[in-house]
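Remarks on the structure that follows.
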Amino acid sequence: MTSTSTLELLGSVNRCQVAEMEKATPETVSCAEFFKRVRNVQASIINTYQVTAHTALQTPNPAEAAAMWKEMSDLCENALRALRSLKTIFPNCGTPELYDLTLDYKAEADKRYYLNLQDSECAKIPAPEGLFPKMS
Amino acid sequence: MRQDTSSGGVVSEDELVRLTELFLKFEGATDPLSNRCKESESEFNSLVENIYTEKVKPAYDSIAFSYFRSYVRNVCRIRISKQGPPFPCV
Numbered sequence: 003m004t005s006t007s008t009l010e011l012l013g014s015v016n017r018c019q020v021a022e023m024e025k026a027t028p029e030t031v032s033c034a035e036f037f038k039r040v041r042n043v044q045a046s047i048i049n050t051y052q053v054t055a056h057t058a059l060q061t062p063n064p065a066e067a068a069a070m071w072k073e074m075s076d077l078c079e080n081a082l083r084a085l086r087s088l089k090t091i092f093p094n095c096g097t098p099e100l101y102d103l104t105l106d107y108k109a110e111a112d113k114r115y116y117l118n119l120q121d122s123e124c125a126k127i128p129a130p131e132g133l134f135p136k137m138s
Numbered sequence: 825m826r827q828d829t830s831s832g833g834v835v836s837e838d839e840l841v842r843l844t845e846l847f848l849k850f851e852g853a854t855d856p857l858s859n860r861c862k863e864s865e866s867e868f869n870s871l872v873e874n875i876y877t878e879k880v881k882p883a884y885d886s887i888a889f890s891y892f893r894s895y896v897r898n899v900c901r902i903r904i905s906k907q908g909p910p911f912p913c914v
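Protein sequence lines correspond, in order, to chains A and B.
The first sequence begins at 3 in the working numbering and counts up one residue at a time.
The second sequence begins at 825 in the working numbering and counts up one residue at a time.
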């Protein structure tokens, strides 16, 4: 299985975790049960970040790395969108902490996305002769 | 990766080795909020800035800092991708 398909599979699982959290209501889900869903989304975000960091450095192509970081950013955005209302509906069930963590991880993913995107533009222009040692 | 010592660059091999090590530590960090990650990134940025100011700008006036930083990051990325086993625990 390639790294890309692994990330795609991970993305599908992550979307399910966010959807499970999002469909909870106080009428149907207890705080304890909801907290488990929050914990699953937190695990998704932390683990996906780790896999993305690992995978994005295996490619020499910064455009591919940028695309991977964009996926990570999108996961965070998806979770944040759900959490904006959930942190009012379930204010004491782990939502504020997950919201803050997700914001921090999104900022880090965005930074890496934009820098790698910039790197990919720069990669189209060869570095001037003599700037770096020649590799044999 | 071996360096042909007869053809050094404005950026030295030793500097590239250190920059690659730092790049791996922050870009590949498993916890982006850790002090280790932040410190590695800060040291990388400072080193890139110093090399640019002291050696690159005087020799290549047309290279903007942002481009130089990307050139360095791309060299580091290529070196890391050519290194053997994966690095789940850097």
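Even for Gly, the Cβ is constructed at its ideal location relative to N, Cα and C.
Annotation for A/V40: M23, C95, G96, T97 and L100 place their beta carbon closer than 7 Å to its own, counting only its chain and skipping 5 residues before and after.
Selection B/R901, B/K906, B/V834 and B/E839 evaluated against B/E867 yields B/E839 as nearest (Cα-Cα). B/V835 sits close to A/L133, with the two beta carbons spaced by under 8 Å. The continuous alpha helix (DSSP H) containing A/D76 extends over residues P64 to I91.
Rounded to the nearest whole angstrom, the C-alpha separation of A/N42 and A/I48 is 10 Å. Counting the other Cβ atoms within 10 Å of the Cβ of A/Q19 gives 16 or more, which makes it buried. Runs of the alpha helix (DSSP H) lying entirely within the segment 864-907 of chain B, each at least 4 residues long, are 889-906 in chain order. Exclusion of the five residues before and after A/A65 leaves S122 as the residues of its chain whose Cβ lies within less than 7 Å of its Cβ. Contact between A/M74 and A/T57 does not hold, since their C-beta atoms are separated by about 10 Å, which reaches or exceeds 8 Å. Residues of the same chain with a CB within less than 7 Å of the CB of A/K89, apart from the 5 flanking positions on each side, are T97, P98 and Y101 in chain order. At least 8 Å separates the CB of A/L85 from every CB of chain B. Interface annotation, B/N898: in contact with chain A, CB-CB separation under 8 Å. In the DSSP annotation of this structure, the continuous segment of the alpha helix (DSSP H) that includes A/C124 starts and ends at T97 to C124. It is roughly 11 Å from the alpha-carbon of A/L9 to the alpha-carbon of A/Y51. In the DSSP annotation of this structure, the continuous segment of the alpha helix (DSSP H) that includes A/I47 starts and ends at C33 to A58. The secondary-structure analysis by DSSP pairs A/M23 with nothing; it has no beta-bridge partner. Residue environment analysis places B/V880 among the buried positions, since at least 16 neighbouring C-beta atoms fall within 10 angstroms of its C-beta.
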